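Trainee:
There are 2 protein chains.
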Amino acid sequence: MTGALDVITMGRVGVDLYPLRSGVPLEEVETFGRFLGGSATNVAVAAARHGRSAAVITRTGADPFGRFVRRALAEYGVDDRFVADVPGLPTPVTFCELFPPDDFPLYFYRFPKAPDLEIRADELDRAAIEAAGVMWATVTGLCAEPSRTATLAALGLRPRSALTVLDLDYRPMFWESAEEAGRWADEALEHATVAVGNLAECQVAVGEREPVRAARALLDRGVRLAVVKRGPEGVLAVAADGETVQAPPVPVPVVNGLGAGDAFGGALCHGLLAGWELPRVIGFANAAGALVASRLACAAAMPASDEVTALMNGAKA
Amino acid sequence: MTGALDVITMGRVGVDLYPLRSGVPLEEVETFGRFLGGSATNVAVAAARHGRSAAVITRTGADPFGRFVRRALAEYGVDDRFVADVPGLPTPVTFCELFPPDDFPLYFYRFPKAPDLEIRADELDRAAIEAAGVMWATVTGLCAEPSRTATLAALGLRPRSALTVLDLDYRPMFWESAEEAGRWADEALEHATVAVGNLAECQVAVGEREPVRAARALLDRGVRLAVVKRGPEGVLAVAADGETVQAPPVPVPVVNGLGAGDAFGGALCHGLLAGWELPRVIGFANAAGALVASRLACAAAMPASDEVTALMNGAKA
Chain C
654 MTGALDVITM
664 GRVGVDLYPL
674 RSGVPLEEVE
684 TFGRFLGGSA
694 TNVAVAAARH
704 GRSAAVITRT
714 GADPFGRFVR
724 RALAEYGVDD
734 RFVADVPGLP
744 TPVTFCELFP
754 PDDFPLYFYR
764 FPKAPDLEIR
774 ADELDRAAIE
784 AAGVMWATVT
794 GLCAEPSRTA
804 TLAALGLRPR
814 SALTVLDLDY
824 RPMFWESAEE
834 AGRWADEALE
844 HATVAVGNLA
854 ECQVAVGERE
864 PVRAARALLD
874 RGVRLAVVKR
884 GPEGVLAVAA
894 DGETVQAPPV
904 PVPVVNGLGA
914 GDAFGGALCH
924 GLLAGWELPR
934 VIGFANAAGA
944 LVASRLACAA
954 AMPASDEVTA
964 LMNGAKA
Chain V
654 MTGALDVITM
664 GRVGVDLYPL
674 RSGVPLEEVE
684 TFGRFLGGSA
694 TNVAVAAARH
704 GRSAAVITRT
714 GADPFGRFVR
724 RALAEYGVDD
734 RFVADVPGLP
744 TPVTFCELFP
754 PDDFPLYFYR
764 FPKAPDLEIR
774 ADELDRAAIE
784 AAGVMWATVT
794 GLCAEPSRTA
804 TLAALGLRPR
814 SALTVLDLDY
824 RPMFWESAEE
834 AGRWADEALE
844 HATVAVGNLA
854 ECQVAVGERE
864 PVRAARALLD
874 RGVRLAVVKR
884 GPEGVLAVAA
894 DGETVQAPPV
904 PVPVVNGLGA
914 GDAFGGALCH
924 GLLAGWELPR
934 VIGFANAAGA
944 LVASRLACAA
954 AMPASDEVTA
964 LMNGAKA
């Protein structure tokens, strides 16, 4: 591949082991399906489904599941040039329970340490990160060294005019405390031009969980676009110039809410790169998220643009 | 339950996630079946299938897979009175690859530490351990504290006349070095009256992998029965009085060699408790192991006595 990538994401990868039946407690699940997973990885897959050139900066174990990750990335059209093995650390696996519409507990096996937290700043392809259309990083990438320094370094390489997204992705089990997560999210926000998070994540990052105040607080940190996911209330997006979009939820039968945020993210990258007006960007991302929520898989369920458009047209009709 | 248990085992438990198809590399496996697993647990299940009252001393995470473990134990008729939760440590999961007839790589997720290595000596039911017909412990239980001290304490409670089995079970990934494993195996052998291991495990425990010399070295440590599993060569058992049994392998189509040793162990307990002559004990255990090797599951595949007898009769015919 030559030229700049449209989207580079940086962060988690792993193998998701999901029940093949919904509504069953994990202790009763007899068979599991194996899927590519990890938030940053899913966002890259989602962007690739919209025709964007995408790569993920991540790390796997030197094991069969690591080989699966690369194979799956290739299948989804995500460039794996920034994926490397970390010998001695197993590729993480994650189990979930599916209690639609709104309860999807996760059980992470990211021990003794997730390989994706071993990304080092000196391994980064600085030119590629500088040149990418969108750089997408996550707060989870800040939870341990050397990934924290590497994530901040990657964000610091970006021109201030570029699309640099911080996904406020917060998982309490990866942190000593919410305060610690908030401290590093705050530092990362210095370099971001777009921030995306749900209400709980906004609370951790900027101490606000009322949507309008949370968006305002994110804009106060210097981002040009704040996207606040309000769950059943839809999405609020506020731009630095004051433009505000409220997107209502798209009604779908929810199968698995996991991955919907990543579908939203990949579609958001696509819409921002396309230069669409804000209402279209957010409406498109919102519909993409809804489509994935209506499907069992995450990475494997990321919709192509025409599927998203069809849902938007259907929802309007 | 009143009275002494026939069999108490002590050691590993976990959830086995096995490919639903054989001969496929792990990176290509799309669906996994979920089974009860862990060597000491499997031995208790195997003994229970022969009608023995059995319990396992082990620990799970305080999580859905921990609840599954108890549910499965109940289903298999294994007493769970010595099973407790260890908050903060996930119930281990183990993946395998199935390349019959002799290659079954395991991928353990026993991090940051397996709950079953958190068994403490002060938690042991001393009276129950003293009184049990068979006490079964494993070298893996010696790989970390406090489990090591607890395992040695449990073995030390046993009268010298009792059936006290040390399974030489050695997994390199659980140890700093083979020497360290050998040092603790040696200490545990002081308390054992029966030792069971394959050739590699005998090498670690007593520095010998030639079958007759390995059995002799185990007897020199004070056990009254040394059982050396020779893989495709069958089993060699030598008693302290010199009685020697060579059991040839039982020809079966191998599906999954994992769990065969545990089936052997549970059947060995049964035969020893029954007071059978040594050839019958070893022949029965050997056939039980072969039956499980011919089946996908481990715990779920443990045979009842009549199935073992049928195979023995069939093999003779």
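Chains as they are written, first to last, in the working numbering: chain C, 654 to 970; chain V, 654 to 970. Don't be surprised by glycine CBs; every beta carbon is placed ideally from N, CA and C. Just so we're clear, the structure is a prediction, and the values are computed from it rather than from any experiment.
So, helix, strand or coil for LEU842(C), using DSSP?
Mentor: Helix, per DSSP.
Trainee: To test your reading of the DSSP string, which unbroken beta strand (DSSP E) runs of 3 or more residues are found completely within the region 688-733 of chain C?
Mentor: Fully enclosed beta strand (DSSP E) runs of 3 or longer: 707-714.
Trainee: DSSP state of TRP828(V), grouped into three classes?
Mentor: DSSP places TRP828(V) in coil when its eight states are reduced to three.
Trainee: Rank THR684(V), TRP828(V), ALA950(V) by C-alpha distance to the C-alpha of PHE757(V) and give the top, closest one.
Mentor: Nearest option by C-alpha distance: ALA950(V).
Trainee: Among residues of its own chain, excluding the 5 on either side of PRO906(C), which ones have a beta-carbon nearer than 7 angstroms to its beta-carbon?
Mentor: Within the same chain, PRO906(C) has close Cβ partners SER947.
Trainee: How should SER692(V) be labelled, buried or exposed, when 16 other C-beta atoms within 10 angstroms of its C-beta is the threshold for buried?
Mentor: Looking at its Cβ environment, which holds 16 or more other Cβ atoms inside 10 Å, SER692(V) is buried.
Trainee: Excluding the 5 residues preceding and the 5 following ALA715(C) in the sequence, name in chain order all residues of the same chain whose CB lies nearer than 6 angstroms to its CB.
Mentor: Around ALA715(C): ASP738, PRO740.
Trainee: How far does the beta strand (DSSP E) with THR793(C) in it extend, from its first residue to its last?
Mentor: Neither: THR793(C) is in no beta strand (DSSP E) and is coded neither H nor E.
Trainee: Residues of chain V with CB closer than 9 angstroms to the CB of PHE827(C), please, in chain order.
Mentor: Going along chain V, no residue has its Cβ under 9 angstroms from PHE827(C), so there is no contact; the nearest lies around 13 angstroms.
Trainee: Using the three-state DSSP reduction, which class does GLY809(V) fall into: helix, strand or coil?
Mentor: DSSP places GLY809(V) in helix when its eight states are reduced to three.
Trainee: Determine the direct distance from the alpha carbon of GLY936(V) to that of PRO902(V), and round the result to whole angstroms.
Mentor: When rounded, the distance between both Cα atoms is 9 angstroms.
Trainee: Which chain V residues sit within Cβ distance under 8 angstroms of GLU771(C)?
Mentor: Correct list: empty, because the minimum Cβ distance to chain V is about 15 angstroms.
Trainee: The region 664-675 of chain C: which residues have C-beta closer than 9 angstroms to a C-beta of chain V, in chain order?
Mentor: For the region 664-675 of chain C, which is checked against every Cβ of chain V, the residues closer than 9 angstroms are LEU670, LEU673.
Trainee: Tell me which same chain residues have a C-beta within less than 8 angstroms of the C-beta of VAL908(V), skipping the five on either side of it?
Mentor: Excluding positions up to five away in sequence, the list reads SER675, LEU751, PRO753, ALA946, SER947, ARG948, LEU949.
Trainee: Output yes or no for whether 7 angstroms exceeds the beta carbon distance between VAL859(V) and LEU816(V).
Mentor: No; because the gap between Cβ atoms is not below 7 angstroms, this pair is not in contact.
Trainee: Take the Cβ of MET826(C) as the centre, count every other Cβ of all protein chains shown within 10 Å, and call the residue buried at 16 or more, exposed below.
Mentor: So MET826(C) ends up on the exposed side.
Trainee: What is the rounded straight-line gap between the Cα of LEU770(C) and the Cα of TYR762(C)?
Mentor: Roughly 14 angstroms between the two C-alpha positions.
Trainee: In the region 787-813 of chain C, which residues sit with their C-beta less than 8 angstroms from some C-beta in chain V, listed in chain order?
Mentor: From the region 787-813 of chain C, no residue has a Cβ closer than 8 angstroms to chain V.
Trainee: Taking PRO904(C) as the reference, give the member of ALA916(C), VAL876(C), GLY942(C) with the closest Cα.
Mentor: Closest option to PRO904(C), Cα to Cα, is GLY942(C).
Trainee: For PHE721(C), would you say it is in contact with chain V, using Cβ-to-Cβ distances shorter than 7 angstroms as the test?
Mentor: For PHE721(C), the answer is yes, since a Cβ of chain V falls inside 7 angstroms of its Cβ.
Trainee: So what does ASP669(V) bridge to, in DSSP terms?
Mentor: Beta-bridge pairing links ASP669(V) to PHE688(V), THR747(V).
Trainee: Consult DSSP for ALA657(V) and reduce its assignment to one of helix, strand or coil.
Mentor: Reduced to three states, the DSSP call for ALA657(V) is coil.
Trainee: Could you tell me which residues DSSP puts in a beta bridge with PHE752(C)?
Mentor: PHE752(C) is bridged to ASP756(C).
Trainee: If the criterion is Cβ atoms closer than 7 angstroms, does the pair VAL857(V) and ALA831(V) meet it?
Mentor: Yes, these two residues count as a Cβ contact at 7 angstroms.
Trainee: Are the C-beta atoms of PHE764(C) and some chain V residue less than 7 angstroms apart?
Mentor: Cβ-Cβ to chain V under 7 angstroms: yes for PHE764(C).
Trainee: Sort out for me which residues DSSP pairs ASP738(V) with in a bridge.
Mentor: Beta-bridge pairing links ASP738(V) to THR713(V).
Trainee: For PRO743(V), return the contacting residues in chain A, with the cut-off set at a CB-CB distance below 8 angstroms.
Mentor: Annotation note: the requested chain A is absent from the structure, which comprises protein chains C and V.
Trainee: Under 8 angstroms Cβ to Cβ from ARG877(V), same chain only, skipping five residues before and after it: list those, please.
Mentor: Taken in chain order, the residues that qualify are THR846, VAL847, ALA892, ALA893.
Trainee: By how many angstroms is the C-alpha of PHE688(V) removed from the C-alpha of ALA834(V)?
Mentor: The straight-line gap from Cα to Cα measures roughly 28 angstroms.
Trainee: Given a limit of 8 angstroms on CB to CB distance, which residues of the region 672-697 of chain C reach chain V?
Mentor: Flagged, chain order: LEU673, PRO678, LEU679, GLU680, GLU681, VAL682, GLU683, THR684, PHE685, GLY686, ARG687.
Trainee: Mapping the DSSP letters down to three states, classify ASN851(V) as helix, strand or coil.
Mentor: Reduced to three states, the DSSP call for ASN851(V) is strand.
Trainee: Closest Cβ-Cβ distance between PRO717(C) and chain V: below 7 angstroms?
Mentor: Answer yes: the Cβ-Cβ gap between PRO717(C) and chain V drops below 7 angstroms somewhere.
Trainee: Given TYR760(C), which residues of its chain have a CB within under 6 angstroms of its CB, disregarding the five upstream and five downstream residues?
Mentor: Same-chain partners within the cutoff: PHE748.
Trainee: Cβ closer than 7 angstroms: which chain C residues qualify as neighbours of VAL660(V)?
Mentor: Chain C residues near VAL660(V): none, gap ~25 angstroms exceeds 7 angstroms.
Trainee: Select from ALA868(C), ARG773(C), ASP959(C) the residue whose C-alpha is nearest the C-alpha of GLU854(C).
Mentor: That would be ALA868(C), whose Cα lies nearest to the Cα of GLU854(C).
Trainee: Classify TRP789(C) as helix, strand or coil using the three-state DSSP reduction.
Mentor: Note: TRP789(C) maps to strand in three-state DSSP.
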